[in-house]
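Asker: Numbering (my numbering), first residue to last: 13 to 169.
Just so it is clear, CB atoms sit at the ideal spot from N, CA and C, and this is done for glycine as well.
Would you mind keeping the following structure in view while I ask a few things?
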């Protein structure tokens, strides 16, 4: 039996490869249970962090969209908001891909929208440069639900 703590700390990828082999062979008694549990929990946290991060960016851009678009159109003739639009489209696409790959994250989605909202509002306010940040909604909860957030047809007015 190998010293798994030493392998785990010094050569993580060897530790992973070796544990994949052990699991495939059914050699469960040789597995480093403590670190395996730690890694599995870390994977779950990582997926949730990605969901939250993408929601913060998407919601911030949805909050800014109508105000920033109006403000920048007034500043620059012909401005169409393609950069903000691209970010919204990209985040929706990345979220869709994440939820397709890890379907159980859909169960967390409504809760994560509400948890992400204060950070999205902060991001929209600080990064928005909308001229007047007081125009942004300051509701206690997110003004968007799951359906509009993910809908390609939804663009706040």
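1. I'd like to know if the stretch 121-141 and the stretch 33-40 are in contact, where contact means that at least 3 CB-CB pairs between them fall below 8 Å.
2. Per DSSP, what kind of secondary structure is residue 107 in: helix, strand or coil?
3. Contact check, residue 104 vs residue 70 under 8 Å by CB: the rounded distance?
4. Could you tell me if residue 44 is buried or exposed, where buried requires 16 or more neighbouring beta carbons within 10 angstroms of its beta carbon?
5. If you draw a straight line from the C-alpha of residue 16 to the C-alpha of residue 109, how long is it?
6. Using the C-alpha atoms, what's the distance from residue 163 back to residue 23?
7. Taking C-alpha atoms, which residue in 136, 153, 32, 152 lies nearest to residue 74?
8. Can you tell which of 72, 155, 115 has the C-alpha that lies nearest to the C-alpha of residue 138?
9. Using the Cα positions of residue 134 and residue 68, report the straight-line distance between them to the nearest angstrom.
10. Got a sec, what are the start and stop residues for the alpha helix (DSSP H) residue 158 sits in?
11. With 16 other CB atoms within 10 Å as the buried threshold, where does residue 161 fall?
12. Decide if residue 20 is buried, meaning its Cβ has at least 16 other Cβ atoms within 10 Å, or exposed.
13. Rank 49, 27, 123 by C-alpha distance to the C-alpha of residue 5 and give the top, closest one.
14. Count the other CB atoms, across all protein chains shown, that sit within 10 Å of the CB of residue 66; report buried if there are 16 or more and exposed otherwise.
15. Where residue 96 and residue 113 are concerned, what is the direct C-alpha to C-alpha distance, given to the nearest angstrom?
16. Is the beta carbon of residue 107 sitting closer than 8 Å to the one on residue 118?
Answerer: Working from what's here:
1. Segment contact: the stretch 121-141 against the stretch 33-40, fewer than three CB-CB distances shorter than 8 Å; contact not assigned.
2. The sequence position of residue 107 within the chain shown is 95, counting from 1. Looking at residue 107 - three-state DSSP - the assignment turns out to be helix.
3. The residue given as residue 104 occupies position 92 in the chain shown. The residue given as residue 70 occupies position 58 in the chain shown. Confirmed, about 7 Å.
4. Within the chain shown, numbered from 1, the residue matching residue 44 stands at position 32. Classified as buried, residue 44 has 16 or more neighbouring CB atoms from the shown chains inside 10 Å of its CB.
5. Numbered from its first residue, the chain shown carries residue 16 at position 4. Numbered from its first residue, the chain shown carries residue 109 at position 97. Straight-line measurement puts the Cα of residue 109 at about 35 Å from the Cα of residue 16.
6. As a first step, residue 23 must be located in the chain shown, where it is residue number 11. As a first step, residue 163 must be located in the chain shown, where it is residue number 151. For residue 23 and residue 163, the gap between their C-alpha atoms comes out near 44 Å.
7. As a first step, residue 74 must be located in the chain shown, where it is residue number 62. Ranking 136, 153, 32, 152 by Cα distance to residue 74 puts 136 first.
8. Within the chain shown, residue 138 is the residue found at index 126, counting from 1. Per the Cα distances, 72.
9. Within the chain shown, residue 134 is the residue found at index 122, counting from 1. Within the chain shown, residue 68 is the residue found at index 56, counting from 1. Rounded to the nearest whole angstrom, the CA to CA distance from residue 134 to residue 68 is 10 Å.
10. Here residue 158 corresponds to residue number 146 of the chain shown, with the count starting at 1. Looking at the DSSP string, the run of the alpha helix (DSSP H) that includes residue 158 is 158-162.
11. Residue 161 sits at position 149 when you count from the first residue of the chain shown. If you draw a 10 Å sphere on the C-beta of residue 161, you find 16 or more other C-beta atoms in it, and that means buried.
12. Residue mapping note: residue 20 aligns to position 8 of the chain shown, counting from 1. Under this definition residue 20 is a buried residue.
13. Here the chain has residues from 13 to 169 only, and residue 5 is not among them.
14. The residue labelled residue 66 in the question sits at position 54 within the chain shown. Buried, since its Cβ has 16 or more Cβ neighbours within 10 Å.
15. If you number the chain shown from 1, residue 96 lands on position 84. If you number the chain shown from 1, residue 113 lands on position 101. CA-to-CA, the gap between residue 96 and residue 113 works out to about 26 Å.
16. To locate residue 107, count along the chain shown from 1; it is residue 95. To locate residue 118, count along the chain shown from 1; it is residue 106. Against a cut-off of 8 Å, the Cβ pair of residue 118 and residue 107 comes out as no contact.
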